[in-house]
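Before any comments, here is the structure.
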Amino acid sequence: MNSVVIVGGGHAAAEAAIALRIQGWEGDIKLISDEDVLPYQRPPLSKGYFHNTVTSAQLLIKKQALYEKANVDVMLGLSVVAIDRLSQAITVSSGAIIGYSQLIIATGAQARMLNIPGAELPCVSYLRTLNDANNIIANIKNNSHLLVIGGGYIGLEIAASARKLGARVTILESFERVLSRVTNEQMSGFYQSLHKDNGVDLKLNTGIEEIHATEDGYVATLNDGSNINFDHTVVGIGVIPNTGLAEAAGLECDNGIVVNEYTLTSDPSIYAIGDVSNHPNEFYARNIRLESVPNAMEQAKVAAANICGKPKIHNSFPWFWSDQYNVKLQTAGLSQGYDETIVRGDMAQKKFALFYLKEGKIIAVDAINSPKDFMKAKALIPQGLTVSKDKLADITKNWFD
Numbered sequence: 014m015n016s017v018v019i020v021g022g023g024h025a026a027a028e029a030a031i032a033l034r035i036q037g038w039e040g041d042i043k044l045i046s047d048e049d050v051l052p053y054q055r056p057p058l059s060k061g062y063f064h065n066t067v068t069s070a071q072l073l074i075k076k077q078a079l080y081e082k083a084n085v086d087v088m089l090g091l092s093v094v095a096i097d098r099l100s101q102a103i104t105v106s107s108g109a110i111i112g113y114s115q116l117i118i119a120t121g122a123q124a125r126m127l128n129i130p131g132a133e134l135p136c137v138s139y140l141r142t143l144n145d146a147n148n149i150i151a152n153i154k155n156n157s158h159l160l161v162i163g164g165g166y167i168g169l170e171i172a173a174s175a176r177k178l179g180a181r182v183t184i185l186e187s188f189e190r191v192l193s194r195v196t197n198e199q200m201s202g203f204y205q206s207l208h209k210d211n212g213v214d215l216k217l218n219t220g221i222e223e224i225h226a227t228e229d230g231y232v233a234t235l236n237d238g239s240n241i242n243f244d245h246t247v248v249g250i251g252v253i254p255n256t257g258l259a260e261a262a263g264l265e266c267d268n269g270i271v272v273n274e275y276t277l278t279s280d281p282s283i284y285a286i287g288d289v290s291n292h293p294n295e296f297y298a299r300n301i302r303l304e305s306v307p308n309a310m311e312q313a314k315v316a317a318a319n320i321c322g323k324p325k326i327h328n329s330f331p332w333f334w335s336d337q338y339n340v341k342l343q344t345a346g347l348s349q350g351y352d353e354t355i356v357r358g359d360m361a362q363k364k365f366a367l368f369y370l371k372e373g374k375i376i377a378v379d380a381i382n383s384p385k386d387f388m389k390a391k392a393l394i395p396q397g398l399t400v401s402k403d404k405l406a407d408i409t410k411n412w413f414d
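Taking this note's numbering, the leading residue of the sequence shown gets 14, the next gets one more, and so forth.
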């Protein structure tokens with residue numbers, strides 16, 4: 014039997030299905046998603062889709078015709094409930110048993126749930142799926158009050174999009190600054206000012222204790238004892254990789270499904286790609302798990318090549334982006350462990366790059382409306398070059414010469 018089964022409905026799953034055909038796979042390909050729509054892009058859900066600059070049709074990663082041309086059997090509205098590694102078969106929610114020669118797990122991640130009294134009320138939403146986005150948009154009206162819980166990228170993007178729709182927005186962040194896990198104080202301060210300048214009420218060092226319904230809407234009780242009246246809330250407090258299926262099958266898991274450089278799990282017939290995979294990274298000399306479209310697409314191509322007998326190692330450099338108001342952030346690399354930062358450009362003009370250095374070498378960059386610095390950093394950081402700090406800070410000089 015030559016049959017690849019792909020479990021998932023995002024970038025990694027869609028890319029893997031088509032990449033298998035490109036690499037020459039002649040056997041069956043089945044793509045199984047628990048959603049009832051073709052695999053679609055997640056990032057625009059908090060941005061362009063929110064304010065109708067991206068339509069639902071434009072969200073699709075591949076069109077139906079392409080799956081048909083590639084002879085990919087797309088099975089929608091079905092969840093995989095079990096993996097039988099011994100017989101190399103999966104069981105789906107309909108009760109059907111489907112065999113595989115190779116299995117690709119691309120199950121992504123799920124939103125971390127709010128655990129307080131009132132978290133089950135209908136005013137509480139999370140953003141992971143198209144249905145989630147439609148629900149949130151339906152509840153945001155001009156001058157309605159949206160409460161955003163969490164000051165990470167998802168929370169900030171939702172806040173910016175809601176402001177474009179005319180909603181009043183309050184952000185609650187339990188730490189002393191937004192984006193505290195992924196950036197430094199300067200960049201956090203930049204985004205805090207950006208949102209305040211756009212009319213967002215930002216409450217730092219503030220947690221939520223309880224939500225309850227009233228005749229006029231909902232009330233959130235905060236950790237300082239105060240109350241906020243609101244109409245709807247979106248929770249963005251992180252995600253958890255969807256490893257339940259893999260764990261039940263006995264695959265090695267540790268903050269994701271552990272894979273090697275070939276995207277292969279502890280089972281020689283099972284691969285894991287995308288947000289759910291915990292994979293080795295040569296540059297950072299450790300295992301990492303990335304929530305990133307570029308990573309998902311690259312891993313999909315690597316898995317497809319290896320399944321087709323064309324050995325390929327996954328060692329791509331991590332990069333990300335975020336759009337808020339008129340600001341585009343492009344990030345290359347991971348800043349954890351930096352010992353120095355240098356700003357190139359003018360933060361007040363919203364055009365600059367913040368470089369993170371470790372022992373004189375750039376390990377990451379956050380570029381705001383500065384695509385040239387981002388592209389150069391993305392290409393040069395993996396080389397581990399020592400740079401001139403004076404050139405790096407001086408916009409009249411090319412730091413990459």
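The beta carbon of each residue, even a glycine, is placed where N, CA and C say it ideally should be.
Whole angstroms are fine: how far does the CA of R302 sit from the CA of E81?
32 angstroms
How many Å lie between S279 and M310 at the Cα?
21 angstroms
Coarse secondary structure for M388, derived from DSSP in three states
helix
Would the region 149-163 count as touching the region 249-268 if we require 3 or more Cβ pairs under 8 angstroms?
yes
Which whole runs of the alpha helix (DSSP H) in the region 295-367 are 4 residues long or more, in chain order?
306-320
According to DSSP, is V213 part of a helix, a strand, or is it coil?
coil
What did DSSP end up calling S157 once you bin it into helix, strand or coil?
coil
Tell me whether the beta-carbon of C136 lies closer than 8 angstroms to the beta-carbon of H245.
yes
Segment contact flag, the region 15-31 with the region 312-319, C-beta cutoff 8 angstroms, min 3 pairs
yes
Once DSSP output is grouped into helix, strand and coil, what is the label at V87?
strand
Can you tell me the Cβ-Cβ gap for G373 and A366, rounded? I've got them flagged as a contact below 8 angstroms.
Incorrect: roughly 17 angstroms between the Cβ atoms, too far for contact.
Just to check my reading of the structure: L235 and I221 have Cβ atoms closer than 8 angstroms, yes? What is that Cβ distance to the nearest angstrom?
6 angstroms
Comparing C-alpha positions only, which one of A132, T183, T142 sits nearest to N2?
Nothing can be reported for residue 2: it is not among the residues displayed for the chain, which extend from 14 to 414.
Apart from the five residues just before and just after E223, which ones in its own chain have a Cβ nearer than 7 angstroms to its Cβ?
I129, P130, G131, T234
Just to check my reading of the structure: I326 and K402 have Cβ atoms closer than 8 angstroms, yes? What is that Cβ distance to the nearest angstrom?
About 33 angstroms; that fails the 8 angstroms criterion.
Helix or strand or just coil, what does DSSP make of S138?
strand
So, helix, strand or coil for H208, using DSSP?
helix
Thinking just about the alpha-carbon of each residue, which of G23, Q343, P395, G40 is nearest to the one in M14?
G40
Please list the terminal residues of the continuous alpha helix (DSSP H) segment that includes A122.
No alpha helix (DSSP H) holds A122; the beta strand (DSSP E) holding it covers 122-124.
Measuring only between beta-carbons, confirm whether I167 sits less than 8 angstroms from chain B.
As a matter of chain content, chain B is missing from the structure shown, which is built from one protein chain.
So, helix, strand or coil for Q54, using DSSP?
coil
So, using beta-carbon positions, are K43 and I111 closer together than 8 angstroms?
yes
How is Q101 classed by DSSP in three states: helix, strand or coil?
coil
Mapping the DSSP letters down to three states, classify A180 as helix, strand or coil.
coil
Using alpha carbons as the reference points, say which of S201, E353, A124, K341 lies closest to D386.
K341
Could you give the C-beta distance for F368 and L405, rounded to a whole number, given that I count them as a contact under 8 angstroms?
6 angstroms
Considering I111, what are the terminal residues of the beta strand (DSSP E) in which it resides?
110-112
Could you compute how far the alpha carbon of T142 sits from the alpha carbon of P52?
11 angstroms
What does a CB cutoff of less than 6 angstroms around A173 pick up in its chain, not counting 5 residues either side in sequence?
Q337, Y338
Do you know offhand how far E189's Cα is from D288's?
28 angstroms
Just checking my contact of G257 with G121 at CB under 8 angstroms: how many whole Å lie between their CB atoms?
Contact doesn't hold; Cβ gap of about 12 angstroms is too wide.
Three-state secondary structure assigned by DSSP to G168
helix
Restricting to runs no shorter than 4 residues, where is the alpha helix (DSSP H) found entirely within the region 193-265?
198-210, 257-261
Could you tell me the distance, in whole angstroms, from the CA atom of Y351 to the CA atom of D49?
43 angstroms
Look up P293 in the DSSP assignment and say whether it is helix, strand or coil.
strand
Separation of A317 from G168, as counted between CA atoms:
34 angstroms
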